[in-house]
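Participant: Protein chains in written order, with our numbering: chain A, 1 to 787; chain B, 788 to 932.
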Amino acid sequence: MNAAGPTGGHIVRPSDGKEPKKVAWIQCVGSRTKERPYCSRVCCMYATKEAIITKEHTPDIETHIFYMDMRAYGKGFEEYYRRAEEQIGVKYVRGRPSKVSENPETGDLTIRYENLDTGEVGGLEANMLVLACAGVPTDTNKELAKILGVKLDENGFFQEKNLPLAPIETDAEGIYLAGCAQGPKDIPDSVTQASGAAAKAIMPIVEARGEEIEEVELPEEKEVKPTDEPRIGVFVCRCGVNIGRIVGVPAVVEYAKTLPNVTFVNEDIFTCSDDCRGRIKAAIEKYDLNRVVVAACSPRTHEGLFRDTCREVGLNPYLFEFVNIRDQCSWVHMNEPEEATEKAKDLLRMGVARARLLEAEEEGELSVGPECLVIGGGIAGMTAALELANMGFKIKLVEREQELGGMLRNLYKLFPTETPAEEAIAPKIRAAYEHKNIEIYTGVEIKDIKGYIGNFEVTISKKDSEDVFNISTIIVATGSQEIDATGYYGYGEYDNVVTQLQLERMLKEGTLKELKNVVIINCVGAREEEGKTYCCRFGCGTSIKNAKYIKEMYPDANVFILHRDIRTVGKKGEEYYNDVRANGVKFIRFSKDKKPLVFEEGGKLIVKVYDGLLRTDLEIEPDLVVLTTATEGAKGAGALQKMLKVPIGAGNFFHEAHVKLRPLDFATDGIYLCGCAHSPKGVVDTITQAVGAASRASIPMGVGMIKSEGITAVINPEACVNCGICMTMCPYGAIRMVDGVTEVITAVCKGCGTCVAACPTGALEQRHYQNKQIASQIKNVCRLVVE
Amino acid sequence: MQAGGGVKEFVPKIVVFCCNWCSYAGADMAGVSRMQYPPNIRIIKVMCSGRIDPIFVLMSFMEGTDGVLVTGCHIGDCHYINGNYKTQNRFEILSEMMNELGLEKERLRLEWISATEGEKFANVVKEVVEQVKKLGPSPLKPVIE
Ligand code: FES
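1) Among residues of its own chain, excluding the 5 on either side of A:Lys572, which ones have a beta-carbon nearer than 6 Å to its beta-carbon?
2) Below 8 Å on the Cβ atoms is my guess for B:Gly854 versus B:Ile801; work out the distance and round it to an integer in Å.
3) Please list the partners that B:Met884 has in chain A, where partner means a Cβ-to-Cβ separation under 7 Å.
4) Just list the alpha helix (DSSP H) runs in the segment 67-153 of chain A, keeping only unbroken ones of 4 residues or longer that don't cross its boundaries, in chain order.
5) Would you kindly work out how many angstroms separate the C-alpha atoms of B:Asp840 and B:Met849, rounded to a whole number?
6) According to DSSP, simplified to helix, strand and coil, what is A:Ser31?
7) Would A:Cys540 pass as an interface residue toward chain B - the criterion being a Cβ-Cβ separation below 8 Å?
8) Would you kindly report the start and end of the unbroken beta strand (DSSP E) that includes A:Thr629?
9) Would you mind telling me which residues of chain A sit closer than 9 Å to B:Val857, beta carbon to beta carbon, in chain order?
10) Taking the alpha-carbon of A:Gly479 as reference, which of A:Tyr489, A:Leu404, A:Glu35 has the nearest alpha-carbon?
11) Would you mind sorting A:Ser15 into buried or exposed? The rule is 16 or more other CB atoms within 10 Å of its CB.
12) Just the chain A side, please: which residues come within less than 7 Å of B:Phe843 by C-beta, in chain order?
13) Note down, in chain order, all residues in the segment 333-346 of chain A with a beta-carbon under 8 Å from any beta-carbon belonging to chain B.
14) Using DSSP with H/G/I as helix, E/B as strand and the rest coil, what is A:Ile483?
15) B:Arg894 versus chain A: which residues are under 8 Å apart at the beta carbon?
16) Along chain A, in chain order, which residues have C-beta atoms closer than 8 Å to that of B:Gln933?
17) For B:Glu850, would you say it is in contact with chain A, using Cβ-to-Cβ distances shorter than 8 Å as the test?
18) Hey, which unbroken runs of the beta strand (DSSP E) at 3 residues or more fall wholly within the segment 654-679 of chain A?
19) Spell out whether any CB of chain A is found under 8 Å from the CB atom of B:Gly818.
20) Is there at least one non-hydrogen atom of the ligand FES closer than 7 Å to the beta-carbon of B:Ser836?
21) Taking Cβ-Cβ distances shorter than 8 Å, what residues in chain B pair up with A:Thr754?
22) Please specify which runs of the beta strand (DSSP E), each continuous and at least 3 residues long, are wholly inside the segment 433-496 of chain A, giving them in chain order.
23) Given the structure, does A:Trp25 come close to the ligand FES, in the sense that its CB is under 7 Å from one of the ligand's heavy atoms?
24) Beta carbon of B:Cys865: closer than 7 Å to some heavy atom of the ligand FES?
25) Within 7 Å: the Cβ of A:Trp788 and any heavy atom of the ligand FES?
26) Rounded to the nearest angstrom, what separates A:Gly406 and A:Cys759 at their Cα positions?
27) Taking Cβ positions, are A:Tyr769 and A:Leu627 nearer each other than 8 Å?
28) Whose C-beta lies closer than 6 Å to the C-beta of A:Leu116 among residues of the same chain, with five residues either side of it excluded?
29) Could you check the C-alpha separation between A:Val756 and A:Ala697 for me, to the nearest Å?
30) Terminal residues of the continuous beta strand (DSSP E) containing A:Gly233?
31) At a threshold of 7 Å, does A:Ser679 count as lining the ligand GTP (C-beta to nearest heavy atom)?
32) Could you check which residue in A:Leu640, A:Gly541, A:Pro717 has the C-alpha nearest to that of A:Asp579?
33) How long is the line joining the alpha carbons of A:Thr138 and A:Val292, rounded to whole angstroms?
34) Closer than 8 Å is the cut-off here; do at least three beta carbon pairs connect the segment 823-835 of chain B with the segment 905-913 of chain B?
35) Given 7 Å as the limit, tell me if B:Gly859 has its C-beta closer than that to any heavy atom belonging to the ligand FES.
36) Ignore the nearest five residues each way along the sequence and tell me which others in A:Thr486's own chain have a CB closer than 7 Å to its CB.
Here you go:
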């Protein structure tokens with residue numbers, strides 16, 4: 001599948017190198033078994049991804065995935081899975097195949113299976129089979145654990161200090177966990193935990209932060225004005241034989257000498273070598289060069305090096321230009337040396353033209369103070385606040401309710417460890433109130449947030465008083481809530497239909513009366529065709545845990561869980577599920593097209609469900625129906641989104657900057673997110689994210705500033721008509737209007753130039769990618785043009 | 788055509804706009820993997836495809852290039868979140884304008900190429916060069932020569 005892999009991105013059978021017509025996947029191979037009871041978490045989605053790519057590559061290949069439960073639990077996963085099934089045509093078969101046999105003549109495979117949804121027993125012929133094998137701990141874990149003096153869990157992964165409350169720490173002081181070392185997880189969860197581990201690791205040495213940093217001494221920059229006559233030095237590299245064997249380097253050198261403003265030309269075997277860079281520096285000084293062009297490999301690998309070389313002798317690094325005549329010339333035209341030489345000349349001409357117009361640019365700096373606003377006083381907000389406060393930052397923790405604690409205040413015990421929810425929040429509430437670096441505001445609303453990193457101005461209101469303060473960074477931890485279940489399964493109509501949250505309260509308060517038949521229905525209003533299309537990630541665990549409690553309280557009660565897929569993905573989740581299953585709670589699976597019915601008949605509540613396994617309708621007369629409902633972002637999320645100008649998506653959950661690579665940041669600098677404000681999740685994931693978000697926020701605050709490259713947008717106020725189009729273009733909120741005048745917040749601008757391309761009057765310009773600089777390249781594609 | 792000198796083979800020149808993060812890297816990847824493609828293209832790098840002002844494309848044609856290839860990160864992968872959405876919108880308008888300028892639409896193409904898609908980069912270039920060769924020199928060329 002990988003374009004850079006052994007088959008160049010083509011899917012072929014190992015046996016005969018032929019392209020398969022039918023590919024099957026088998027999930028949970030070696031996992032969710034007696035030996036390895038846990039779920040490997042990532043395989044459902046990667047099999048789905050592989051099937052999609054296979055079909056995109058060759059649309060008529062048939063793809064079949066055999067699975068037990070489709071665990072599309074993460075943000076956007078359910079939608080991805082649905083797209084695979086409904087739009088791409090990936091076929092999903094629920095069932096664990098019993099046998100695979102090979103036809104020795106054709107190499108084809110027969111997969112024997114029972115479809116657990118239809119009861120149909122069959123054999124699928126496939127040309128190729130892919131096994132989703134269990135993710136297992138690394139061989140060296142045992143040895144490493146011994147050396148470090150930390151424990152491994154019963155499956156061989158590293159043991160965290162406390163599940164769910166301390167998932168990053170180990171029993172050993174100063175040793176922390178990140179990624180799959182602690183248990184199988186996907187990229188976003190790994191990146192998140194890694195950020196958290198970084199914060200934890202800093203803590204014992206936090207006092208020493210910023211010490212022992214060596215400053216490099218550089219000579220003063222010499223002034224180069226745009227009006228100065230350009231004096232260009234051109235350095236052509238042969239890159240050993242990489243360039244020189246194909247491109248006629250001497251001819252290019254001779255050509256360079258003919259170009260206007262070229263003062264000095266040199267040819268080298270390796271321009272990047274120390275002595276050659278020494279020669280560049282000497283030439284800059286000897287010939288008073290004010291521009292440098294290197295024609296060699298790729299700026300992606302070597303631009304920084306040559307920029308530094310220039311800067312080391314006082315030439316502004318933005319007066320350097322790179323021409324790529326290797327990766328994009330000699331290496332791709334190996335059989336056309338003449339054409340490659342001509343192309344190299346053209347590219348050099350374009351580069352010299354651009355160099356002529358380059359200007360010295362300054363890099364921006366913006367100071368960032370040590371104050372952070374944490375919005376939301378639930379477990380996520382409190383964890384993030386404490387983490388930062390312990391690092392010495394000043395926190396304002398804002399909660400709209402009268403008390404700290406958030407959602408967990410309503411809960412009884414947590415899945416899968418049965419830790420009382422109270423135990424999770426009470427110590428944090430106490431610690432937050434006692435911490436000298438945390439200022440707590442409860443019962444307040446945020447009225448307004450203006451500004452940008454290092455410079456946010458926040459207005460909060462409490463009853464009829466207002467308060468305004470300045471802070472540098474913001475963490476959004478506003479959490480989520482149950483949807484209003486009215487209209488689902490008789491909720492709101494029948495008294496004995498309640499939600500999980502109501503049940504949790506009854507369990508907590510001990511008010512649950514004697515029960516005979518209890519029906520729990522999962523995925524209520526979740527995983528829908530439209531609207532709440534997503535999975536709530538913790539609902540399965542919640543339902544299983546609460547079923548267990550009811551069973552423990554009233555052992556004679558029949559407890560049914562009507563579910564779709566069971567998604568107990570977290571550590572210990574699968575084991576807990578197996579246990580409950582073995583101890584008498586009945587699990588009945590329904591499909592999205594055959595949802596259970598709840599109605600009243602003769603004054604009795606009745607639940608009717610189609611049991612796919614028995615292939616018959618079941619009728620239950622429950623005395624309690626519990627709905628595990630979908631969740632949605634907290635009710636203030638919409639208003640907050642407008643103030644922060646950050647994106648929000650389905651279900652009022654905020655959008656992070658990048659799903660995999662930056663799961664805790666917003667694209668806007670200085671704003672971070674964690675907990676259920678990001679997407680629904682359980683306590684382990686929430687705490688991990690909160691520590692991770694604190695870690696992210698600590699970076700600019702710890703460094704005390706952010707830097708921006710010299711490629712940011714600038715406005716010419718004379719030409720600007722303040723139309724505001726650029727503001728709508730900028731994904732970073734780096735352009736603002738102050739008293740009707742548009743301005744760029746340089747420190748926040750990332751230098752993409754999108755606003756510049758959109759400016760109708762030409763008032764906006766991107767430094768280092770100015771219109772005239774790009775135009776000079778364009779004009780020199782076909783011939784020499786000097787303006 | 789040159790009088791008496793026989794038919795001079797048409798060697799098109801094509802401008803390729805690349806964004807720094809994906810397609811430029813994809814072009815490098817084609818090189819690193821030694822994928823061969825015709826030497827008719829000249830790459831101009833910008834930070835994001837969203838920087839590509841439609842004027843740059845028009846200017847390329849005005850200056851005598853025979854084709855323009857606009858490239859960037861795949862939708863959803865833009866280093867600057869959504870710059871390439873804007874590129875797509877601008878491209879659609881540009882594409883509409885081509886005929887009015889007396890240019891064939893096929894001289895202009897938009898492709899999303901990731902940093903690992905060296906092969907795709909090479910293939911797209913091959914196709915574009917072939918396409919432009921079929922069309923012959925740009926009708927705007929004589930204007931400047
Ligand atoms: S950075 Fe590649 S398209 Fe925006």
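Glycine is no exception: its CB is placed at the ideal position from the N, C-alpha and C atoms.
All values reported here derive from a predicted model rather than from experimental measurement.
Facilitator: In terms of the structure at hand:
1) Pro416
2) 4 Å
3) Within 7 Å Cβ-Cβ: nothing; B:Met884 doesn't reach chain A, min ~16 Å.
4) 77-82, 141-148
5) 15 Å
6) coil
7) no
8) 624-629
9) Within 9 Å Cβ-Cβ: nothing; B:Val857 doesn't reach chain A, min ~12 Å.
10) A:Leu404
11) exposed
12) Ile774, Ile778
13) His333, Met334, Asn335, Glu336, Glu339, Ala340, Glu342, Lys343, Asp346
14) coil
15) Near B:Arg894 there are no residues of chain A at all, since even the closest Cβ is about 14 Å away, more than 8 Å.
16) A query on residue 933 of chain B cannot be resolved here, the shown segment of chain B reaching from 788 to 932 and no further.
17) yes
18) 671-673
19) yes
20) yes
21) Cys835, Gly837, Arg838, Tyr867, Gly870, Lys873
22) 438-442, 445-450, 456-462, 465-471, 473-476, 480-482
23) no
24) yes
25) What is shown of chain A runs 1 to 787, which leaves residue 788 of chain A out entirely.
26) 45 Å
27) no
28) Arg94, Gly95
29) 30 Å
30) 232-237
31) Absent from the structure shown: the ligand GTP. Ligands present: the ligand FES.
32) A:Gly541
33) 50 Å
34) yes
35) yes
36) Gly492
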